[in-house]
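Have a look at the structure below before the remarks.
Residue numbers (full-length UniProt numbering): 1 to 370.
In structure tokens:
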């Protein structure tokens, strides 16, 4: 104790002593070494003796960059503050995205909701659906003259390169962020009356494509502001897999096989997990194909499970530590296997979930996939 008291007294004396430049000053022990690299000097590279040979090339460990503006500057340099990101004045459920000559719509809706909305827009404007595939998120229209389209849309297209007959390919893809979609429109044209089978270009490049995207954006935005509805049947059918089967792997662990591509399976399994309401989806990792669920908490947002006024008055609201202590977390993994997707449940990356837990989760997913 005497030694500790002595050290404390010494520290107080040192900290209160004036003129302690030897400790904190420019040449002190605890000085700022942030600009020491400016005093570094170039040295000759290391050379091996003439009688020594090696097959490994000797490269400098810390080479000096060639694009250094001035290696003789010894003044302090203040790093400039980063410029603030530009924020769009308006942001809504639907926004226009551009990249080079391509234009597409980013929808703050899952593909299951964006699909029927995009389809309805083109049907309302006179396009006839020739083929559609909800599993791939695409539909194409039949060949038809521009004059058969709605008068409003035909008038908008007069100032473009519209000529002859037109056919469209519309794609609805899952966005980068969860519950978002990207809508692409590509057109093909041919002379009026021609029977030539003209293919679609790789991306939208014509003025017709740009006009169609702009008109669809305006229509979707107006519908969103008016509280437009979405066909629940179409939403369910969009990502509903063709076949779903419960099997077991070689170790007897339950496996749910979904007959769909990975994008559609990701969307449909995510929807099934949220509709179950038996657990809470706490996080996702799309690149790894993982949904992180907590079986100890019910579905919905965390604030939805908070007690009401009387519950807080007479009851007990669980603390963060209590919620963490009772957490029962698992991860639902989606893996591409051949032409299907396998869904499994794990405790963590190295441990599979108990068979009863895995069967419970996968059965609930299966029931909500239809």
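Just so it is clear, CB atoms sit at the ideal spot from N, CA and C, and this is done for glycine as well. All figures in this text were calculated on a predicted structure; none of them were measured in a lab.
Extent of the continuous alpha helix (DSSP H) to which residue i belongs
| i | result |
| --- | --- |
| residue 324 | 320-326 |
| residue 222 | 207-225 |
| residue 365 | 355-367 |
From the options, residue whose alpha carbon lies closest to that of residue i
| i | options | result |
| --- | --- | --- |
| residue 213 | 187, 195, 130, 100 | 187 |
| residue 168 | 291, 121, 289, 363 | 121 |
| residue 326 | 334, 53, 297 | 297 |
| residue 201 | 209, 195, 194 | 209 |
| residue 174 | 112, 321, 153 | 112 |
| residue 191 | 146, 183, 319, 36 | 146 |
| residue 166 | 207, 40, 182 | 207 |
| residue 263 | 282, 130, 46, 182 | 182 |
| residue 152 | 197, 108, 196, 218 | 218 |
Whole-angstrom distance between residue j and residue i, CA atom to CA atom
| i | j | result |
| --- | --- | --- |
| residue 351 | residue 189 | 55 angstroms |
| residue 136 | residue 157 | 29 angstroms |
| residue 261 | residue 178 | 17 angstroms |
| residue 117 | residue 220 | 7 angstroms |
| residue 144 | residue 332 | 46 angstroms |
| residue 256 | residue 286 | 18 angstroms |
| residue 194 | residue 244 | 44 angstroms |
| residue 360 | residue 100 | 48 angstroms |
| residue 274 | residue 164 | 47 angstroms |
| residue 134 | residue 369 | 15 angstroms |
| residue 93 | residue 222 | 10 angstroms |
| residue 310 | residue 215 | Only weak support is given to the placement of residue 310: the predicted model assigns it a pLDDT of 48, under 50, and the value that follows is read from those uncertain coordinates. Distance between the alpha carbons of residue 310 and residue 215: 51 angstroms. |
| residue 254 | residue 343 | 9 angstroms |
| residue 277 | residue 251 | 29 angstroms |
| residue 363 | residue 162 | 52 angstroms |
| residue 185 | residue 170 | 5 angstroms |
Nonlocal neighbours in the same chain, by C-beta distance under 6 angstroms from residue i, ignoring five residues either side
| i | result |
| --- | --- |
| residue 97 | 104, 106 |
| residue 295 | 279, 328 |
| residue 356 | none |
| residue 373 | The requested residue 373 does not occur in the structure, where the chain is confined to residues 1 to 370. |
| residue 272 | 365, 368, 369 |
| residue 87 | Since pLDDT at residue 87 reaches only 40, below the 50 mark, its modelled position is unreliable, and no value is offered. |
| residue 150 | 125, 126 |
| residue 302 | Because the pLDDT of residue 302 is 49, which lies under 50, any placement of that residue in the model is unreliable, and the number read from its coordinates should be weighed accordingly. Contacts found: none. |
| residue 335 | 342 |
| residue 160 | 207, 208, 211 |
| residue 110 | 179 |
N- and C-terminal bounds of the beta strand (DSSP E) containing residue i
| i | result |
| --- | --- |
| residue 329 | 329-337 |
| residue 97 | 94-99 |
| residue 283 | 280-285 |
| residue 257 | 254-258 |
| residue 290 | 290-294 |
| residue 348 | 340-348 |
| residue 244 | 244-248 |
Close Cβ partners of residue i (< 7 angstroms) along its chain, the five nearest in sequence each way excluded
| i | result |
| --- | --- |
| residue 353 | 330, 345, 346, 347 |
| residue 199 | 188 |
| residue 90 | Confidence at residue 90 is low in this model, with a pLDDT of 47, below 50, so its placement is unreliable and no value can be given for it. |
Cutoff 8 angstroms; reference residue i; Cβ partners in own chain excluding five residues on either side
| i | result |
| --- | --- |
| residue 339 | 259 |
| residue 50 | none |
| residue 119 | 129, 132, 139, 170, 234 |
Extract the residue ranges of the alpha helix (DSSP H) inside the stretch 106-186, only unbroken runs of 4 or more that lie entirely within it. Within the stretch 106-186, the alpha helix (DSSP H) runs of at least 4 residues that lie entirely inside it are, in chain order, 111-124, 151-156.
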